[in-house]
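Residue numbering for the sequence shown follows our numbering, starting at 1 and increasing by one per position.
Just so it is clear, CB atoms sit at the ideal spot from N, CA and C, and this is done for glycine as well.
The structure under discussion appears below in the form of structure tokens.
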Amino acid sequence: MQQAFVVNNGPQCGFCTPGQLMTATALLNGNPSPTADEVKEAMVGNLCRCSNYNAIVEAVVMAGENGGVA
Ligand code: FES
Numbered sequence: 001m002q003q004a005f006v007v008n009n010g011p012q013c014g015f016c017t018p019g020q021l022m023t024a025t026a027l028l029n030g031n032p033s034p035t036a037d038e039v040k041e042a043m044v045g046n047l048c049r050c051s052n053y054n055a056i057v058e059a060v061v062m063a064g065e066n067g068g069v070a
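Here you go:
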């Protein structure tokens, strides 16, 4: 998951990144290959003041497609 965030430029300032990673990992534990819409729904409680949501969603989808890694 961390590598997928790096590849997709998920972290910007990094303030929200630990929570994003924890929520995304929990999502993949229950749904190993989520769609972008499923990621958005699961991550809705994580706010990113850098507004980097598209990259974060792409990272989580990529992690799911690759078994949890990039
Ligand atoms: S990366 Fe800056 S708040 Fe999310």
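| Item | Value |
| --- | --- |
| Would Q20 pass as a contact of M43 if the rule is Cβ separation under 8 Å? | yes |
| Do N8 and E41 have their C-beta atoms closer together than 8 Å? | no |
| Which same chain residues end up closer than 7 Å to E38 when comparing Cβ atoms and leaving out the 5 residues on each side of it in sequence? | N31 |
| Any idea if A36 is buried or exposed, counting beta-carbon neighbours within 10 angstroms, 16 or more meaning buried? | exposed |
| Does the beta-carbon of L71 have 16 or more other beta-carbons within 10 angstroms, so that it is buried, or is it exposed? | Only positions 1 to 70 of the chain appear in the structure, and residue 71 is not among them; the question remains open. |
| Shortest alpha-carbon distance to V25 belongs to which of Y53, Q2 and N54? | First, the residue type needs correcting, since residue 25 is Thr and not Val in the sequence shown. When only C-alpha atoms are compared, the closest one is Q2. |
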